[in-house]
Every structure is written in C-alpha cells, then in structure tokens.
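Numbering (this note's numbering), first residue to last: 3 to 490.
We put the beta carbon where it would ideally sit given N, CA and C, even for glycine.
Working notes for the structure below.
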C-alpha cells in the first residue's frame, strides 16, 4: 500500500513539474473546517412517523467533526479546462463505528487508521472536463463527468453526480440543460435512475427572471412501499425496494431575483407532479402533486440589514392518501442526503449561519421539504469590520391535513389521530467573526418553542415492545454550534 501511495505522489509531482511544458495553468482553492454541535430533539431520525423510542429522544447530544475540500483546476486555455474536486470528510471525533465506511479516517484513533479495514480517505466530489464547442459562433459549453447539478440550490436542486450538461449565453438569455445518471443498474435491464433538467433565465435590469424544470425516473429498484411513498429519498442509490413498479416525477418552476438600491428580493415557485406505476394491474397508481413557494426580501441601512422571509410547502392529506393514493406533499429531486440544502432555520431545517452545512444538516424536516410553512423577520448588524451579529425569529406552521408532519398524536377519547397546525416559534442568534482575512469563526444558537403539533407525540411501543396509545411530552428542541473555517 505504501508503494502505491509513493507511486501516486511521484506521478503527481511529475505532472506538476511537467505542467509548464504542457502549458497548463494549475490553481487550487478549498477550505478546512471543524464544527462542534450540541443539540436536543433536532435529528430527523427522532421524528420518523412519530416514533419516540428513537435514540436521542428528549436527550442532549454533542459531538465534534471536521471536513475539508480541495479543488484543483487545470486550465489549458480560456476555452478548455478540467476540474478535480476532493472532499476529506470525517465522522465525529474519536468515532470507531463504521470503520468500513468511506471518508471517515480523519476521526479514528487506533488500528482503524491503517490496514485492511482502512476506509477511503478522500471522496471525489467532482471530476469533469469543461470546454467550449469549437467552430460555432454561438458560445456553447459542455461539461462531461462527475459534476454539481445546481438549479436554485437553496430551493430546488443541488446534487453531485455523473452526467453531461451544456450551457449557452446570448445576452441577456442564459440556457442550461443537463442529464445525470443517479444509479446504473444491470446493463441489460431498464432499472436505472436518471434525471433530466433545464433552466432558462434572462437578466433584465433590475431583475433576473427564469423558468426551470426537471424529470426523474426511478425504475424497478425504487424503494417505495405501500405505506411509504417517500422511501426513495431516505435511501442510498440503488437500494432495493419491492421491485413492484417505477416512480416517475417531474417539476416545473420559476423565479425572480431583483435589486433596486438598498432593497433586494427573491421569489421562487416550484410544482412537482408524477406517479408511481405499480407493476400489478390490480393496484391503483399513486399520483404525486405538491408545491413550494419561497420569498425573501431585505433592506440595507448603514450597517444594518432588515429582512423578511416566507416559505410554504404543501403537506400530505393523510385521508386522501389512504383513500385515493394522492401524495400531496411537496418533494424535490432525489439526493442521497436530502432533497435540497435548506438553510433558513437552525432548528427546524438544521442549518443557518454555518459554512459547512454538516452535523444536523437535515434538521427536523428530514429528507423532504414538504409539510410546513413559516414566516421569519430577521436582522443582521455589521457591528465591526470583523464582527457581524445576526438575529431572527419565526413562526412555523404545519400544512399536513388529518395528521401532523413531525408527531403522531391520538385523541384519548376517540383514538383518532389529531390534526394540529402549530409547530411553534423558533428564535435564532448568530455571530460571524473574522479572525483573519481567511479564517472565520461562526457561532449559532436556536431554540424552538413547541406548539400543539410538536409538544407531544404518540409512543407506539413500550420497552417490552407492547403497543401503548399514550401521548408522550416532547422537550423543546434546540441546537447550538461553533465552527471555524479556513478558506484558501
């Protein structure tokens, strides 16, 4: 193994020394960061179907973990370059679990750091070539290989994977199209997972407007079960389900970004549709249909930024799903971790004011974005050149009908599932401290005061595995973190 690494090092040095002769311009960017997290009742695993026996329920958890990224660009000319983008990713400090899993060596002490149990140290995030198509007057670029597919990444799609994309710009219009291979099954079977996407925008001062869409196929292996229409989002690529049908989903949306003087705003809307086609001719297909809207506006005055954010994502109607197989909760395109990196609320969505978006990154909402809405006033104050202070509060509501998004509560008199609308009030405090020009310390604390849809949940089984229909009190969720990041 040492000989392999030595050979790789010699090869890399040879390439670097030969670069001037090949007229290749090499550049490197990246970052190294560590984050410490303390949290209570924030992990999405706790809120799976109201099951309160999950590890960590009503308990305080804490950990320290790190992550680093290195992006190498080899540019031959203004019309041709290649990118190699790596991630060094660690589980919690001191962890020895998952020794066979990838990207975890940085946290281990002891024999797990070497030998045959050693995991892969470095993940390849992106590996592609990017070039302008020659002999065409219209500037058309192609990107081939493992790449980041990003369309409105705070709302709709951000995922890395193998595929091909193209882009063209004729002022003021920009066109982007892409295809990604999420999962390659058997070469001789139609069991792959694919996504096709497009985005057309126009920069019309003082606003940018755009429309986008996508279509995604999950063939044969999609892990959808008769009771869980969202199983595919909580699974790794190619995870076997019942092999009982194919899942076809599509999205269409639009957006506006604008800035007039000190006023800035952004508006996004997405609608998703599709169906799950059961192979059995006697089974009724599922129809997917949900929507999401997000609006953020801000006003800058001296060193202050005042703003207001709003988001609404449709939720399921439990009775409609049971009766008509209609899935009305909004879902985004598949991503192995989550459908999109949400970052408006620290507790509910798991991210706000962080750089790395790790740890409790999916928050309480789990793998899909549907089932809740919120409105959040916020203010940022650039108190000093090196210090920014941040504050926001939010009211969060539940959009699920005939049930709740996060909990399952029973009426003790009727035994029916309750339908509550009030998830609660969240308060977030944050600070950004520039220690040096390229060294930043981010701090954050969030607390969610639970409402009726969150303050208790149904304990499905007791310690002996017996079903009991009592409602157990939920402690208010909260989360705090400290993160230091060096960028270069």
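Cut-off 6 Å between Cβ atoms - residues of its own chain near residue i, not counting five sequence neighbours on either side
| i | result |
| --- | --- |
| residue 424 | 453, 454 and 455 |
| residue 176 | 203 |
| residue 475 | 458 |
| residue 143 | 134 and 169 |
| residue 52 | Confidence in residue 52 is poor, its pLDDT being 47 and thus under 50, which makes the residue's placement too unreliable to answer from. |
| residue 267 | 260 and 299 |
| residue 187 | 193 and 194 |
| residue 297 | 269 and 312 |
| residue 446 | 348, 355, 432 and 483 |
| residue 82 | 133 |
| residue 344 | 351 |
| residue 365 | 350, 351 and 352 |
Run of the beta strand (DSSP E) containing residue i, from where it starts to where it stops
| i | result |
| --- | --- |
| residue 436 | 424 to 438 |
| residue 442 | 441 to 452 |
| residue 148 | 142 to 153 |
| residue 156 | Per DSSP, residue 156 belongs to no beta strand (DSSP E) and is neither H nor E. |
| residue 196 | 195 to 206 |
| residue 483 | 480 to 489 |
Sequence-distant residues of its chain with Cβ nearer than 7 Å to residue i (five each side left out)
| i | result |
| --- | --- |
| residue 398 | 350, 374, 376, 425, 426 and 428 |
| residue 394 | 378, 379, 380 and 430 |
| residue 131 | 84, 146 and 147 |
| residue 478 | 449, 450, 451 and 452 |
| residue 126 | 88 and 148 |
| residue 261 | 208 |
| residue 118 | For residue 118, the pLDDT reaches just 38, beneath the cut-off of 50, and the residue's location in the model is therefore unreliable, leaving the point undetermined. |
| residue 388 | 435 and 436 |
| residue 362 | Summary for residue 362: the model assigns pLDDT 46, below 50, so the residue's position carries little reliability; its value from the coordinates is reported in the next sentence. If we look at residue 362 and ignore the five residues flanking it on each side, its Cβ neighbours are 39, 41, 44, 45, 352 and 481. |
| residue 332 | 274, 292, 293, 294, 315, 316, 371 and 372 |
| residue 1 | Examination of residue 1 is not possible in this model, given that the chain is present from 3 through 490 alone. |
Any chain C beta carbon closer than 8 Å to residue i
| i | result |
| --- | --- |
| residue 219 | Here chain C cannot be found, since the structure has a single protein chain. |
Residue(s) in a DSSP beta bridge with residue i
| i | result |
| --- | --- |
| residue 171 | 176 |
| residue 91 | 69 |
| residue 1 | There is simply no residue 1 to check, as the chain begins at 3 and stops at 490 in what is shown. |
| residue 82 | 79 and 133 |
| residue 302 | 307 |
| residue 331 | According to DSSP, residue 331 bridges with nothing at all. |
| residue 253 | 216 and 274 |
| residue 45 | According to DSSP, which records beta bridges pairwise, residue 45 is partnered with nothing at all. |
| residue 185 | 195 |
| residue 296 | 270 and 313 |
| residue 535 | Because residue 535 is not part of the residues shown, which for the chain are 3 to 490, the question remains open. |
| residue 210 | 205 and 259 |
| residue 357 | None; residue 357 has no bridge partner. |
| residue 126 | 88 |
| residue 291 | 275 |
| residue 418 | Answer is none; residue 418 lacks a bridge partner. |
| residue 30 | 74 |
| residue 398 | 376 and 426 |
Enclosing alpha helix (DSSP H) for residue i [first to last residue]
| i | result |
| --- | --- |
| residue 320 | 320 to 326 |
Distance cut-off 7 Å: residue i Cβ against heavy atoms of the ligand MN
| i | result |
| --- | --- |
| residue 154 | Absence of the ligand MN from the depicted structure is noted, as is the absence of any ligand whatsoever, leaving it without description. |
8 Å CB neighbourhood of residue i in its chain, flanking five on each side removed
| i | result |
| --- | --- |
| residue 171 | 141 and 177 |
| residue 62 | 40, 41 and 42 |
| residue 206 | 174 |
Cβ contact (3+ pairs, closer than 8 Å) linking the segment 398 to 418 and the segment 77 to 84: Cβ pair count under 8 Å is below three, so no.
The segment 407 to 418 contacting the segment 376 to 390, beta-carbon criterion three pairs below 8 Å: At 8 Å Cβ cutoff, the stretches do not touch.
The segment 306 to 325 in contact with the segment 24 to 37 per 3-pair CB rule at 8 Å: The segment 306 to 325, when compared against the segment 24 to 37, does not touch it at the 8 Å Cβ threshold.
Touching by the beta-carbon criterion (3+ pairs, under 8 Å), the segment 276 to 292 and the segment 303 to 310: They do not touch, by the three-pair rule.
Three-pair Cβ contact test at 8 Å for the segment 179 to 187 versus the segment 146 to 166: Taking a cut-off of 8 Å on C-beta distances, the segment 179 to 187 touches the segment 146 to 166, as three or more cross pairs fall below it.
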